[in-house]
Amino acid sequence: MAGLMARASEITQAKVSKLLDRAENPEETLDYSYEQQLVQLQNVKRGIADVTTAKKRLELEDASLQQQLAKLDGQAKQALQANREDLAREALTRKATLQQQVASLQQQEQQLADQEQKLIAGEQALSAKVEAFRSQKEVIKAQYSAAEAQVKVGEAATGIGEHMQDVGLAIQRAQDKTEEMQARAGAIDELTSSGALEDFTSQGDDLDRQLAQVSAGSQVDDELAQMKKELGQGGAQ
Amino acid sequence: MIVRLMGEGQFEVDDSLKARLDELDDETERAAEAGDANALRAALRALHEEVRNAGQQLDHAHLGASDAVVPPEDLSLDDARKLLSGEDPFPDL
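Going down the list, the sequences are from chains E and A. Offset between the first sequence (1-based) and the working numbering: plus 128. Just so it is clear: in the second sequence, position 49 is 32 by the working numbering, and no numbers are missing.
Structure below.
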């Protein structure tokens, strides 16, 4: 049997030797590999910047959702004061839906933060490797005959090539995650802007009805009861 | 032997660990073929833990190839299947 570890090892080795085959002699291999490393380091830095930007965007989104939640809360209170329990219920139902979205958004935010941490660690490791490679390559060039150099170069370049694959994968995963997050944030954005309770009295559109159908029932009931208590409408009514 | 845990780095482990790692590796294959995401995650996690606990992490400045490469702990079922069928799940790298 050949499991995932066996397969990943084969694929990584195949990729690295393809990378090395592009250059003909040891010196060329060294210089080519070093160029690749610098490019890869740049990619990692860009990857980190992308993730950081996405994280900022999410934080803004989060802040605006919190405002929206507070607004719905206020509207529910107003509605209750005006003895419109139906509207208060509607507002609280929306609030509950929104809270679910916020929770899942925050969970993904955490994942993004983890990706960012991994990339930063990856960048540090890669920088250390590139630096080691830079000093070794001059030693190899100066000290070894062509045949010996070939072996030394192979060892050094394979090690770093493998690491570059690894870091490259981390970048790719971070980018996937970032795109997913942005799509998600966009969708929530749309939901809140089109579902905002600007006008209580208008009859609900399709989205409103869908939102109302969401079974956030018990939470809404609890909140309604709590609000009534606060407003002194509790058992007295 | 040297093992790379993707996303974590390289570890030097005793050769005697190989049998245990191969055993866990077989589990990853069975889980992926059965389409069992939980079992896949568990097997990959066990591989990572085994290497991490028994091995010595190499300095980042170490330059050398690994004898084995362990995919990330959170590899998706989809990517696992691709790997097993000989397809490269990370073609852009």
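Beta carbons are placed, not taken as given, at the ideal position from N, Cα and C, and that holds for glycine. All of these numbers come straight from a predicted model, not from anything done at the bench.
Exercise for review: Note down, in chain order, every chain E residue with its Cβ under 7 Å from the Cβ of residue 28(A).
Suggested key: Ordered by position in chain E, no residue passes the 7 Å Cβ test against residue 28(A), which lies about 12 Å from the chain.
**Study point:** Contacting residues, own chain, Cβ-Cβ under 6 Å from residue 389(E) (five flanking each side not counted)
**Key:** With chain E represented from 129 up to 365, any question about residue 389(E) goes unanswered, as that position is not in the structure.
**Study point:** Classification of residue 66(A) by the beta-carbon crowding that lies within 10 angstroms, buried from 16 upward
**Key:** buried
**Study point:** chain E within 9 Å of residue -1(A), Cβ atoms only
**Key:** no
**Study point:** Through-space distance from residue 236(E) to residue 204(E), alpha-carbon basis
**Key:** 29 Å
Exercise for review: Using a Cβ cut-off of 8 Å, pull out every chain A residue sitting near residue 137(E), in sequence order please.
Suggested key: 49, 50, 51, 52
Check your understanding: Just to confirm, are residue 310(E) and residue 177(E) a CB contact at a threshold of 9 Å?
Key -> no
Review point. Can you give the beta carbon distance from residue 11(A) to residue 314(E), rounded, assuming they're within the 8 Å contact cut?
Key: About 36 Å; that fails the 8 Å criterion.
**Study point:** Counted within 10 angstroms of its Cβ, other Cβ atoms place residue 360(E) as buried (16 or more) or exposed
**Key:** exposed
Practice item. Using a Cβ-Cβ cut-off of less than 8 Å, list which residues of the stretch 268 to 283 of chain E approach chain A; keep chain order. Key: 283
Exercise for review: Would you mind sorting residue -7(A) into buried or exposed? The rule is 16 or more other CB atoms within 10 Å of its CB.
Suggested key: buried
Review point. Since residue 73(A) meets chain E, which of its residues come closer than 7 Å, beta carbon to beta carbon?
Key: 297, 300
Review point. Could one say the Cβ of residue -11(A) lies closer than 9 Å to chain E's Cβ atoms, at least one of them?
Key: yes
Check your understanding: Quick one, are the C-beta atoms of residue 64(A) and residue 15(A) less than 9 Å apart?
Key -> yes
Point to revise | Where residue 49(A) falls, given that 16 or more other Cβ within 10 Å makes a residue buried | key: buried
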